[in-house]
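Counting in this note's numbering, the sequence shown runs from 53 upward without gaps.
All remarks here apply to the structure that follows.
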Amino acid sequence: MRYIGKIFCIGILFFMISMNIPGQDSTPQEGKKFPMPKIIPHAQWHKTAPVGFPAQGTRKNIAPGESLQFKNLKIELVSMNPATPGDPKSSTDTVDLKLSMGEKSEQKKVNEGDAFNWEGFHIAVLAAHTKKGELGFGLTEFEITTIDSIPPEIAASTKAGNAASRARIPHKIEKIMLHHAGDPKPITPKDDPVKKLQNLQAWGEKDKKWWDVPYHLIVALDGAIYEGRDWHYIGETNTKYNPTGYLQLMVMGNYELQEPNEAQINAVTDIMAWAVQEFNVPLDKIYGHRDLAETACPGKHLYRYLKEGAFHSGIKQRLEK
Ligand SMILES: [Zn+2]
């Protein structure tokens, strides 16, 4: 994942949102064997609090010819049409959609960045990636919410809007997904993890219109674990799989280029063991991003621990104690 270094200040009004800080609001339950690892709360590293609002909905990226279903609404992405430079009639990328619900159906051309209401749903076309080489090339990003569950000003808007207009979509964790940051070069102890998190949040808000960092928990080079987005809500992806139901776990660095160290492996295993127990995740529902999407993530040197069973035996050991 590429970052930019600029901090994008947004969402001052949302400071009062009560954060769900893991480990600080839950009382230990009897019979729980493996404790939640120590997690550095979001408020201790961020410059601005996460934005967005809870709503019923879905978030998915699809390619032309594919469709997505939310409740009884089906949206087919018929085509993505790049803007024509110099033509004022075609200055924005557009998408052709086919909407259907039961017997009712409608074709619609929508500009990238626009939103509209249809049969009780608010449909935002967050981005259409028509430029070769750009992140998410070939995919259109959709956010669909029920009109009943969103603030009236969002329901009335014909623009997808910025990060503060994004829905926090609740989900139930059933699976675990391992990522790496994919920095352009290996990271070293000189890299400040807090700065990296702040940059990731700022880039996500500005460039991707994400309401927070895309991952739920982040492991630094020294094995420290940072709180990312509230895991009660789905994470984000630049790829096609559906992020619903995954606890998104990211390790800082690039594990195509560097080897994970012992502190990181221990931290990842601790989180996995705790999550397996906390959310009843079956051991065969722990994935690397590359298992579900065309990506090198989480990097071959980290993925090996998944593929060769090292994480699984670490989890079993921790839960048997
Ligand atoms: Zn990934």
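Here a beta-carbon is modelled for each residue, glycine too, at the ideal position from N, C-alpha and C.
Proximity test, residue i beta-carbon vs ligand 3 heavy atom, cut-off 8 Å
i      : result
Gly234 : This structure lacks ligand 3; the ligands present are ligand 1.
Between the CA atoms of residue j and residue i - distance to the nearest angstrom
i      : j      : result
Ile196 : Ala176 : 6 Å
Ser201 : Lys211 : 18 Å
Ile367 : Ile91  : 18 Å
Lys261 : Glu372 : 42 Å
Pro266 : Gly280 : 8 Å
Pro89  : His364 : 17 Å
Gly361 : Asn214 : 41 Å
Ala207 : Leu178 : 15 Å
Gly275 : Trp97  : 16 Å
Pro74  : Gly104 : Only weak support is given to the placement of Pro74: the predicted model assigns it a pLDDT of 46, under 50, and the value that follows is read from those uncertain coordinates. Distance between the alpha carbons of Pro74 and Gly104: 19 Å.
Phe86  : Ile323 : 10 Å
Residue i: CB within 8 Å of a non-hydrogen atom of ligand 1
i      : result
His231 : yes
Pro350 : yes
Thr296 : no
His223 : no
His341 : yes
Met302 : yes
Thr240 : no
Thr347 : yes
Cross-strand partners of residue i (DSSP beta bridge)
i      : result
Gln159 : Lys150
Thr110 : Ile196
Met132 : Val147
Gln300 : Met229
Ile323 : DSSP lists no partner for Ile323.
His174 : Asn169, Thr197
Ser119 : Glu128
Glu279 : Leu269
| task | Would you check if there are 3 or more beta carbon pairs closer than 8 Å linking the region 303-316 to the region 133-147? | result | no
| request: Spell out a yes or no on whether the region 292-301 and the region 227-237 are touching, meaning 3 or more CB-CB pairs, one atom from each, closer than 8 Å. | output: yes
| said: Using a Cβ distance threshold of 8 Å, determine whether the region 240-248 contacts the region 343-353, with at least three qualifying pairs required. | reply: no
| Runs of beta strand (DSSP E) lying entirely within the region 196-263, each at least 3 residues, in chain order | 227-232
| query | Touch check for the region 308-324 and the region 182-199: three-plus C-beta pairs under 8 Å? | reply | no
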